[in-house]
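One structure is given here, and the rest of the page talks about it.
Number of protein chains: 2
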Amino acid sequence: MSVSKLSLTPEVVALVAERFKALAEPARLTILNCLRSGELSVSELVDESGLGQANVSKHLQVLHNLGFVRRRKDGLFVYYVLADKSVFQLCDVMCGRLEAEMKARRKLLAV
Amino acid sequence: MSVSKLSLTPEVVALVAERFKALAEPARLTILNCLRSGELSVSELVDESGLGQANVSKHLQVLHNLGFVRRRKDGLFVYYVLADKSVFQLCDVMCGRLEAEMKARRKLLAV
DNA sequence: CAACCATATTACTAGTCAGCAATCTACGAG
DNA sequence: CTCGTAGATTGCTGACTAGTAATATGGTTG
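Chain order of the listed sequences is B and C.
Heads up: the first sequence begins at 18 in the working numbering, then just goes up one per residue.
Heads up: the second sequence begins at 18 in the working numbering, then just goes up one per residue.
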């Protein structure tokens, strides 16, 4: 729908690529998906994702630096939330591509 | 809008991540952007993008394997086109995130 | 046929990064 | 203050990959 007003200088391209890279990691996608239902602390994310603590913490820094999640500190705990729902727009489009691809592949095999 | 019907098994997550990874590269985003105006041969892409020939060829294989571009052979030349416009939906959403982020940063600096 | 051209592939190097273990920091409880 | 816990940070290693030069493939021309 809305075409961005940003001109695609190499710098902007690099920034966009950097953001796609954040989503190019199964571990980070898993974390974002865990957060889909709402706010979670780091240790809850460790439990739900099955990833190691240091690993989750590092991935969260990446997601936070790029604005995908927000942070809230409460005593010993740090809670993370999705910054907005555009992450799911992105994943939905990508999943749509995947489904179309698999459907096309099935059609080929059916011949 | 449309929520995918795919369940997010680790396998599906890996496939989605793999597709985001294809977009996580300035060179590939540049190539896709060159193709925005229409079909181009490899050597035209080399000229427009400023990348090396082997490099462009390799990136095109990646984009082709993941269904982002289609290929058409004509004599000595091979022409590539965007498979569909969902790439731009993805980039537009990402650029929207970027703009919002920069606007927020400007607001912070203005204080 | 041989020479030539566009594209693909291969082999290599340098840089990046996920995962993990160990450590550090900050906070709360007793 | 001391101990324990949650989370962040650091150092390391193994795996992956972008870029490039050299070469291979496949098609066209003379």
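Where a beta carbon is used, it is the ideal one built from N, C-alpha and C, also for glycine.
Just to make sure I have the definition right: I need the residues of chain B whose C-beta is within less than 9 Å of the C-beta of residue i. Which are they?
i	result
C:Lys38	Phe37, Lys38, Leu40, Ala41 and Glu42
C:Thr9	The structure shown does not extend to residue 9 of chain C, since chain C is modelled only from 18 through 128, so no value can be given for it.
Cβ closer than 7 Å: which chain B residues qualify as neighbours of residue i?
i	result
C:Gly84	Arg114 and Glu118
C:Cys51	Going along chain B, no residue has its Cβ under 7 Å from C:Cys51, so there is no contact; the nearest lies around 10 Å.
C:Val33	Leu46, Cys108, Met111, Cys112 and Leu115
Assuming residue i contacts residue j (C-beta within less than 8 Å), just tell me the rounded distance between them.
i	j	result
C:Leu49	C:Val95	The pair is not a contact, with the Cβ atoms about 16 Å apart (cut-off 8 Å).
B:Leu46	C:Ala34	6 Å
B:Arg114	C:Arg114	Contact flag wrong, Cβ pair sits at about 19 Å.
B:Pro43	C:Val30	5 Å
B:Val79	B:Ala100	That pair is no contact at about 13 Å.
C:Asp107	B:Leu107	A quick correction: the sequence has Leu, not Asp, at residue 107 of chain C. That pair is a contact at about 6 Å.
B:Lys38	C:Ala41	4 Å
Span of the alpha helix (DSSP H) holding residue i?
i	result
B:Phe94	Looking at the DSSP string, B:Phe94 is not in any alpha helix (DSSP H); the run it does join, the beta strand (DSSP E), is Phe94 to Leu99.
B:Ser74	Gln70 to Asn82
B:Leu115	Ser103 to Leu126
What are the boundary residues of the beta strand (DSSP E) that includes residue i?
i	result
C:Lys90	Val86 to Asp91
Which chain C residues are close to residue i, counting only those with a beta carbon under 9 Å from its beta carbon?
i	result
B:Ser58	The premise fails here: B:Ser58 is roughly 21 Å from chain C at the closest Cβ pair, so nothing lies under 9 Å.
Which residues in chain C have a C-beta closer than 8 Å to the C-beta of residue i? List them in chain order.
i	result
B:Ser54	Result: empty, since nearest Cβ-Cβ is about 12 Å, beyond 8 Å.
B:Ser66	Here the premise fails: no neighbours, minimum Cβ distance about 11 Å.
B:Ser103	Val110, Gly113 and Arg114
Discussion item. Could you tell me which whole alpha helix (DSSP H) segments of length 4 or greater appear in the stretch 30-65 of chain C?
Written reply: 43-51
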